[in-house]
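The block underneath contains the structure these notes are about, expressed in structure tokens.
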Amino acid sequence: MPEVVTAGEPLVALVPREPGHLRGKRLLEVYVGGAEVNVAVALARLGVKVGFVGRVGADELGAMVEERLRAEGVDLTHFRRAPGFTGLYLREYLPLGQGRVFYYRKGSAGSALAPGAFDPDYLKGARFLHLTGITPALSPEAWAFSLWAMEEAKRRGVRVSLDVNYRQTLWPPEEARGFLERALPGVGLLFLSEEEAELLFGRVEEALRVLSAPEVVLKRGAKGAWAFVDGRR
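Structure follows, in structure tokens:
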């Protein structure tokens with residue numbers, strides 16, 4: 001059984017080899033990404049037994065996602081290829097460091113995750129269930145799935161790890177705060193960046209006051225990170 005279970009939507013990324021506007025590019029490299037997938041692959045490479053719960057479309061991109069995750073050693077017992085399409089995004093890098101991301105995921109197979117999407121006994125023996133704030137922003141079903149999965153983990157004594165991972169393109173701050181309010185009582189480990197704290201709560205201090213969890217990791221970019229354990233930094 002896996003030590004860590006992650007769940008969310010895998011995405012296919014198309015990225016140019018050189019900086020510059022996408023309009024001028026003829027060749028794009030293909031990668032598999034998505035916040036929860038990245039965590040799963042990183043943990044697998046570190047030797048952690050990790051399982052991924054998710055959906056991709058019954059298309060060639062979905063087949064590619066499945067093959068690459070298997071090659072990384074991620075357990076896919078509850079990974080499915082379903083009717084619909086696999087979400088993707090294009091990333092643009094500009095010479096001075098700016099960049100843009102263009103998503104094509106609305107209505108994707110991955111956004112259809114819903115309560116009951118996997119057998120919750122899969123969580124037995126796991127140390128963590130890791131989720132992000134991206135999944136509940138994808139659809140009402142995915143919102144319900146996130147809370148359901150957290151509750152099932154709690155019933156089995158599995159700690160829930162939640163990365164806020166706020167995306168302005170997916171939902172407004174008030175909706176993200178509403179989800180966090182519902183989810184927070186079940187979260188044992190919370191990840192939050194300084195930028196997200198300011199976008200959602202105006203000030204980092206206010207975010208840390210509101211988002212109280214047994215362990216909170218504040219990501220500070222090049223300045224490193226702070227960990228708050230039972231209120232102590």
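Following full-length UniProt numbering, the numbering of the sequence shown begins with 1 at its first residue and continues without gaps. Beta carbons: idealized from backbone N, C-alpha and C, even for Gly.
Cutoff 6 angstroms; reference residue i; Cβ partners in own chain excluding five residues on either side
| i | result |
| --- | --- |
| residue 101 | 89, 91 |
| residue 125 | 1 |
| residue 207 | 197, 201 |
| residue 37 | 10 |
| residue 229 | 215 |
| residue 139 | 111 |
| residue 93 | 19, 99 |
| residue 105 | 87 |
Which of helix, strand or coil DSSP assigns to residue i
| i | result |
| --- | --- |
| residue 77 | coil |
| residue 88 | strand |
| residue 135 | helix |
| residue 223 | helix |
| residue 82 | strand |
| residue 231 | coil |
| residue 72 | coil |
C-beta atoms of residue i and residue j nearer than 8 angstroms
| i | j | result |
| --- | --- | --- |
| residue 85 | residue 109 | yes |
| residue 146 | residue 176 | no |
| residue 131 | residue 160 | yes |
| residue 48 | residue 4 | yes |
| residue 73 | residue 114 | no |
| residue 236 | residue 158 | Nothing in the structure corresponds to residue 236, since the chain is present only between 1 and 233. |
| residue 189 | residue 213 | yes |
| residue 116 | residue 164 | no |
| residue 232 | residue 226 | no |
| residue 54 | residue 79 | yes |
| residue 8 | residue 35 | yes |
| residue 271 | residue 199 | With the chain covering 1 to 233 only, the question about residue 271 has no answer from this structure. |
Own chain partners of residue i with C-beta closer than 8 angstroms, once the 5 adjacent residues on each side are dropped
| i | result |
| --- | --- |
| residue 151 | 186 |
| residue 95 | 19, 20 |
| residue 68 | 32 |
| residue 70 | 76 |
Residues of its chain near residue i, where Cβ-Cβ distance is below 7 angstroms and the 5 sequence neighbours each way are ignored
| i | result |
| --- | --- |
| residue 65 | 10, 12, 32, 56, 86 |
| residue 169 | 103 |
| residue 77 | 51, 122 |
| residue 210 | 201 |
| residue 136 | 142, 143, 146, 179 |
| residue 25 | 16 |
Inter-residue CB distance, residue i and residue j (contact presumed, cutoff 8 angstroms)
| i | j | result |
| --- | --- | --- |
| residue 194 | residue 162 | Not really, about 17 angstroms apart at Cβ, beyond 8 angstroms. |
| residue 14 | residue 27 | Not confirmed; about 10 angstroms, so no contact. |
| residue 58 | residue 82 | 6 angstroms |
Secondary structure, beta strand (DSSP E): runs of 3+ residues fully inside the segment 2-47
4-8, 11-16, 28-33
May I have a chain-ordered list of the beta strand (DSSP E) segments no shorter than 3 residues that lie completely inside the segment 95-159?
99-104, 128-132
At 4 residues or longer, what runs of the alpha helix (DSSP H) sit wholly inside the segment 159-212?
173-183, 194-201, 204-210
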